[in-house]
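Number of protein chains: 2
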Amino acid sequence: MSATLRDVAEKAGVSIRTVSNVVSDYAHVSTRMRERVLAAIAELDYRPNPIARTLRTGRTGMLALVVPEIDVPYFSQLARDVIDAAAEVGYRVMIDQTGNDHEREKELLLGENRTMLFDGILFSPLVTRAELLEMKRATTMPLALLGEHDFDGRFDHVAIDNVAAARDAVDHLLASGRSRIAAIGAQPDEEFATPRQRTAGYEAALEAAGIEVDPELMRPSAHYGRIDGYEATVELLRMRPDAIFCYSDLLAMGAMRAIFDAGLRVPEDVAVIGIDDIEEGRFARPSLSTVSLDTPFIAREAIRAIVARIDDPSVAPTQIVAPHRLLPRESTAAV
Amino acid sequence: MSATLRDVAEKAGVSIRTVSNVVSDYAHVSTRMRERVLAAIAELDYRPNPIARTLRTGRTGMLALVVPEIDVPYFSQLARDVIDAAAEVGYRVMIDQTGNDHEREKELLLGENRTMLFDGILFSPLVTRAELLEMKRATTMPLALLGEHDFDGRFDHVAIDNVAAARDAVDHLLASGRSRIAAIGAQPDEEFATPRQRTAGYEAALEAAGIEVDPELMRPSAHYGRIDGYEATVELLRMRPDAIFCYSDLLAMGAMRAIFDAGLRVPEDVAVIGIDDIEEGRFARPSLSTVSLDTPFIAREAIRAIVARIDDPSVAPTQIVAPHRLLPRESTAAV
DNA sequence: TTGTATGCGTTATCAT
DNA sequence: ATGATAACGCATACAA
Numbered sequence: 000m001s002a003t004l005r006d007v008a009e010k011a012g013v014s015i016r017t018v019s020n021v022v023s024d025y026a027h028v029s030t031r032m033r034e035r036v037l038a039a040i041a042e043l044d045y046r047p048n049p050i051a052r053t054l055r056t057g058r059t060g061m062l063a064l065v066v067p068e069i070d071v072p073y074f075s076q077l078a079r080d081v082i083d084a085a086a087e088v089g090y091r092v093m094i095d096q097t098g099n100d101h102e103r104e105k106e107l108l109l110g111e112n113r114t115m116l117f118d119g120i121l122f123s124p125l126v127t128r129a130e131l132l133e134m135k136r137a138t139t140m141p142l143a144l145l146g147e148h149d150f151d152g153r154f155d156h157v158a159i160d161n162v163a164a165a166r167d168a169v170d171h172l173l174a175s176g177r178s179r180i181a182a183i184g185a186q187p188d189e190e191f192a193t194p195r196q197r198t199a200g201y202e203a204a205l206e207a208a209g210i211e212v213d214p215e216l217m218r219p220s221a222h223y224g225r226i227d228g229y230e231a232t233v234e235l236l237r238m239r240p241d242a243i244f245c246y247s248d249l250l251a252m253g254a255m256r257a258i259f260d261a262g263l264r265v266p267e268d269v270a271v272i273g274i275d276d277i278e279e280g281r282f283a284r285p286s287l288s289t290v291s292l293d294t295p296f297i298a299r300e301a302i303r304a305i306v307a308r309i310d311d312p313s314v315a316p317t318q319i320v321a322p323h324r325l326l327p328r329e330s331t332a333a334v
Numbered sequence: 000m001s002a003t004l005r006d007v008a009e010k011a012g013v014s015i016r017t018v019s020n021v022v023s024d025y026a027h028v029s030t031r032m033r034e035r036v037l038a039a040i041a042e043l044d045y046r047p048n049p050i051a052r053t054l055r056t057g058r059t060g061m062l063a064l065v066v067p068e069i070d071v072p073y074f075s076q077l078a079r080d081v082i083d084a085a086a087e088v089g090y091r092v093m094i095d096q097t098g099n100d101h102e103r104e105k106e107l108l109l110g111e112n113r114t115m116l117f118d119g120i121l122f123s124p125l126v127t128r129a130e131l132l133e134m135k136r137a138t139t140m141p142l143a144l145l146g147e148h149d150f151d152g153r154f155d156h157v158a159i160d161n162v163a164a165a166r167d168a169v170d171h172l173l174a175s176g177r178s179r180i181a182a183i184g185a186q187p188d189e190e191f192a193t194p195r196q197r198t199a200g201y202e203a204a205l206e207a208a209g210i211e212v213d214p215e216l217m218r219p220s221a222h223y224g225r226i227d228g229y230e231a232t233v234e235l236l237r238m239r240p241d242a243i244f245c246y247s248d249l250l251a252m253g254a255m256r257a258i259f260d261a262g263l264r265v266p267e268d269v270a271v272i273g274i275d276d277i278e279e280g281r282f283a284r285p286s287l288s289t290v291s292l293d294t295p296f297i298a299r300e301a302i303r304a305i306v307a308r309i310d311d312p313s314v315a316p317t318q319i320v321a322p323h324r325l326l327p328r329e330s331t332a333a334v
C-alpha cells in the first residue's frame with residue numbers, strides 16, 4: 000500500500016493533524032513545519048486517498064453524465080465539452096449510456112448503483128415529463144437537465160428553444176424557394192419534448208407562410224441515426240418533396256445519401272437541413288445546412304448550475320436558454 | 000442523510016453484522032433473520048454506501064478510460080463498447096480526455112488525481128514507448144493498453160496489426176489499378192507506434208509491387224481530423240496521385256472533400272481509403288473504403304484483461320491481436 | 001448462525 | 001499553531 004497521513008506524520012515527527020493541514024493548505028501552518036512535512040511527503044511519495052476523503056466530506060468530485068449513446072456525434076461533442084467544463088472546476092465525469100433503453104434510463108437514475116458515487120447528475124435523456132417528476136420525487140441528488148425538455152421549474156435546466164430552432168430551419172427553406180417541405184423525426188408519443196417542440200416549429204413556419212401542413216410529408220422516427228434518415232427518405236421521396244427538414248444532422252446525412260441513391264441531387268432537386276451542427280456536416284458533399292447548438296455554452300451553464308446546487312442545495316433552480324444559430328450551407332442553396 | 004447499516008440493524012433488532020451479511024448475500028443467514036432485515040431495509044430505503052465499502056475493500060468498481068478526444072468517432076465508438084463491456088462485468092467507466100496534450104496525458108496517468116479512484120486504467124493514447132516505461136515504473140495500478148502500440152510484454156495490451164492493416168489497404172489500391180499512391184498521417188517522431196507501423200505497411204506494399212517509395216507522396220500529419228486530411232490533400236494534389244491512403248477515416252473524409260473542391264472525382268481521378276470503419280464513411284458519397292477495426296473485440300478483451308489483473312495482480316500480461324478486415328467500398332472502385 | 005469490535009485514511013472538533 | 005481523537009459507513013477477524 001501507499002503511504003498514509005499517519006506515515007507522513009511519523010516520519011516528520013508531527014501530528015497527523017498538521018500533515019492534513021499542510022496537504023489541504025490550511026492557512027495557519029508555520030513555515031518550518033510545512034517544510035518538514037513537505038519533505039516527508041516527497042520522501043514517502045504520499046498521495047491523499049480520495050476515497051477516505053470522500054467518506055469524510057461526502058464529496059466525491061465526480062459527476063455523472065447520462066446520455067442515450069456516447070457515439071452519437073452530438074452527444075460525444077457534448078460529452079467533450081462537459082468533461083472540459085467540469086475539469087475546469089475540479090470535477091471529473093463518469094459517462095453512462097442508456098442505449099435508448101427507457102427502462103435502463105430510469106434504473107440508472109433511480110436504481111441503487113447510482114447512490115452517492117456522484118455529487119450530481121447531468122441528464123441528457125429522452126425521458127418523458129412524467130418520468131422526470133417521478134425522478135425528482137425519488138432522488139435528492141443534485142440533478143441538471145441538459146438538452147431539450149419543457150422547462151418545469153423544479154430542475155436546473157439548460158435547453159435550446161426548439162420551437163424557434165425548428166422554425167428558423169423551415170423559414171430558411173421557405174426563403175430559399177421551397178414549398179413542399181417534408182420533416183423527419185416526429186414521434187407519436189407526445190410526451191417527448193424535443194420532437195414535439197420541433198414539430199411545433201415546423202408547423203408554425205408552414206402556417207405562417209400560408210402552407211397547409213401535409214401529414215404525408217411528416218415521417219416519424221423514434222431513433223435519430225443515419226440509417227433512420229435513410230429509410231425515412233426512401234419512403235418520403237414518393238411524395239416528391241422539394242426539401243426535407245431533419246430533426247438531427249445524422250438523420251440529414253442519411254437523407255442525403257438516400258436522395259443520391261434515388262438519382263436525385265441536393266440541393267437542386269431536394270434541399271436538406273438538419274439540427275445539431277456536427278463537424279461531419281461541414282465536410283459532407285454538399286455541406287449540410289443546419290442549426291448550430293452551442294454545446295460549450297450548454298456544458299458550461301449546466302456545470303455552473305450543478306456546482307452551485309452541490310454547494311448549496313437550497314438555491315432556486317435556474318433555467319437557461321442556450322443560443323442557436325442558423326447555418327446555411329450548400330445543401331439548401333437556392334436553385 | 001440516508002440510512003446506514005446501523006440504522007437498519009436497530010430497526011430490525013439485529014446486529015450490524017447480520018445486516019451486512021444479508022446485504023452482501025452471505026450464505027449462512029437464517030430465513031427468519033433475512034426477512035426481518037429485508038423488511039427494515041425496505042422500510043428505511045437503505046442503500047449501501049459504495050464509498051465506505053470501497054474504503055474498506057479497496058475496490059471502487061470503476062475503471063478509467065483515457066483517450067485523446069472523446070468526440071473523435073473512433074474513440075467515441077470505442078468508449079461505447081468499453082462502457083458496455085465494463086457494465087457486463089459490473090464496472091463503470093470514467094472518461095478522461097488528454098486533448099492530444101502530451102503533458103496532460105502523462106499527468107493524468109502519473110499525477111495525483113488518479114490515485115486510487117479507479118481499480119484500473121485503460122489507456123488508448125498516443126504516447127511514446129519511453130513514456131510507457133516511465134509510467135510502468137511510477138504506477139502500480141492495473142493498466143491495459145488498447146489500440147496501437149508496440150507490444151512490450153510488460154503490459155496487458157490489445158492492438159491490431161497495424162503493419163498488416165496498412166498493407167491490406169495499399170494492396171487493395173494496387174489491385175484496383177492505382178500506382179501513384181499517396182499517404183497521409185506519417186509522423187516525424189518515430190516513437191509513436193501507430194503512424195510508424197502504418198508507414199511500414201505502406202512502404203512494404205509498394206516495395207512488394209516493385210514501386211519505389213516517393214517521399215513527396217507522403218504527407219505527415221500530427222493530428223488525424225477532417226481538417227488535417229483536407230489540408231494535406233490540397234498540398235498533395237499537386238503531385239498528381241491516383242490514390243490516397245489515409246491513416247484514419249477522418250483524414251479520408253477531409254481528403255475526399257478536398258478532392259471534390261479541386262474539381263476532381265473519387266474514385267475516378269483519385270481513390271481514397273482510410274482506417275477505422277466509422278459509420279460516417281458508410282453513408283458518405285462515395286462511401287469510404289476502409290479497414291475495419293473490431294472495437295467490440297478490443298473493448299471486450301481489454302476489459303477481460305484488466306479485470307483479471309485486478310483480481311490477481313500477479314497474472315502474466317496478455318497481448319492480444321484484434322482482427323481487422325478490409326472493406327472495399329465506392330471510394331476505391333476500379334475505374 | 002450471529003454479535004462485538006477494529007480499522008480503512010481522512011477531516012474536523014476540541015483542546016492546549 | 002499544533003496535538004489528540006472522534007466520526008464517516010462498511011467489512012471482517014474473532015468470539016460466542
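The listed protein sequences derive, respectively, from chains A and B. Mapping to numbering that gives the first Met the number 0: the first sequence position 301 is 300, numbers consecutive. Mapping to numbering that gives the first Met the number 0: the second sequence position 126 is 125, numbers consecutive. The C-beta atom is built at its ideal place from N, Cα and C for all residues, glycine as well.
Item: Assigned exposure category for B/Y90 - 16 Cβ within 10 Å defines buried; Value: buried
Item: The stretch 43 to 54 of chain B: positions lying closer than 7 Å to chain A by Cβ; Value: R46, N48, P49, I50, A51, T53 and L54
Item: Any 3 or more C-beta pairs closer than 8 Å across the stretch 0 to 11 of chain A and the stretch 28 to 39 of chain A; Value: yes
Item: C-beta atoms of A/P266 and A/S178 nearer than 7 Å; Value: no
Item: Proximal residues to A/L336 (C-beta, below 6 Å), its chain only, five neighbours per side dropped; Value: Any question about residue 336 of chain A goes unanswered here, given that chain A covers just 0 to 334.
Item: Cross-strand partners of B/F122 (DSSP beta bridge); Value: B/V65 and B/L144
Item: Start-to-end residues for the alpha helix (DSSP H) that takes in A/P219; Value: Here A/P219 belongs to no alpha helix (DSSP H); instead the beta strand (DSSP E) covers M217 to P219.
Item: Cutoff 7 Å: B/D70 Cβ touching any chain A Cβ; Value: yes
Item: Any 3 or more C-beta pairs closer than 8 Å across the stretch 267 to 275 of chain B and the stretch 237 to 247 of chain B; Value: yes
Item: A/M252 at chain B interface by Cβ criterion, 7 Å; Value: yes
Item: Listed by chain order, chain B residues near A/F259 by CB distance under 9 Å; Value: R284
Item: Top-ranked residue by Cα proximity to A/A333, from A/L173, A/R284 and A/T232; Value: A/L173
Item: Test: A/S19 CB closer than 7 Å to a CB of chain B; Value: no
Item: Outcome for A/S29 when other beta-carbon atoms lying within 10 angstroms are tallied against a minimum of 16; Value: exposed
Item: Proximal residues to B/S175 (C-beta, below 6 Å), its chain only, five neighbours per side dropped; Value: T331 and A333
Item: Closest Cα partner of B/L62 within the set B/Q76, B/R197 and B/D83; Value: B/D83
Item: Residue-level contact to chain B via CB, A/E279, 7 Å cutoff; Value: yes
Item: At least three beta-carbon pairs within less than 8 Å, the stretch 195 to 204 of chain A to the stretch 297 to 312 of chain A; Value: no
Item: Environment of B/P141 [buried if 16+ CB atoms lie within 10 Å]; Value: buried
Item: Pairwise C-alpha distance: B/L292 and B/S75; Value: 14 Å
Item: Whether A/E54 touches B/L77 by CB criterion (7 Å); Value: Before going on, a small fix: residue 54 of chain A reads as Leu here, not Glu. No, they are not a contact pair.
Item: CB contact below 7 Å: A/M335 versus chain B; Value: Beyond the ends of chain A as shown, which are 0 and 334, falls residue 335 of chain A; an answer cannot be given.
Item: Span separating the alpha-carbon of A/E230 from that of A/A199; Value: 23 Å
Item: Whether A/R79 touches B/I69 by CB criterion (7 Å); Value: yes
Item: Terminal residues of the alpha helix (DSSP H) in which B/G228 lies; Value: R225 to L235
Item: Short CB-CB distance (under 7 Å) between B/S123 and chain A; Value: no
Item: B/V290 and B/A168 closer than 7 Å at C-beta; Value: yes
Item: Minimum length 3: unbroken beta strand (DSSP E) runs contained in the stretch 273 to 325 of chain A; Value: 289 to 292 and 318 to 321
Item: Residues bridged to A/A185 [DSSP beta-bridge criterion]; Value: A/P219
Item: Opening and closing residue of the alpha helix (DSSP H) in which B/D83 lies; Value: P72 to E87
Item: Beta-carbon proximity of A/A251 to A/L287, cut-off 7 Å; Value: yes
Item: Proximity of A/G228 and A/A254 at Cβ, strictly below 7 Å; Value: yes
Item: Residue nearest to A/V81 in terms of C-alpha spacing, selected from A/L326, A/T294 and A/I319; Value: A/T294
Item: Same chain, Cβ closer than 8 Å to B/G224, neighbours up to 5 away in sequence not counted; Value: V71, L249, L250 and G253
Item: Residues of the stretch 76 to 87 of chain A with Cβ closer than 9 Å to any Cβ of chain B, in chain order; Value: Q76, L77, A78, R79, D80, I82, D83 and A86
Item: Buried or exposed by the 16-neighbour rule on C-beta atoms within 10 Å, applied to A/V320; Value: exposed
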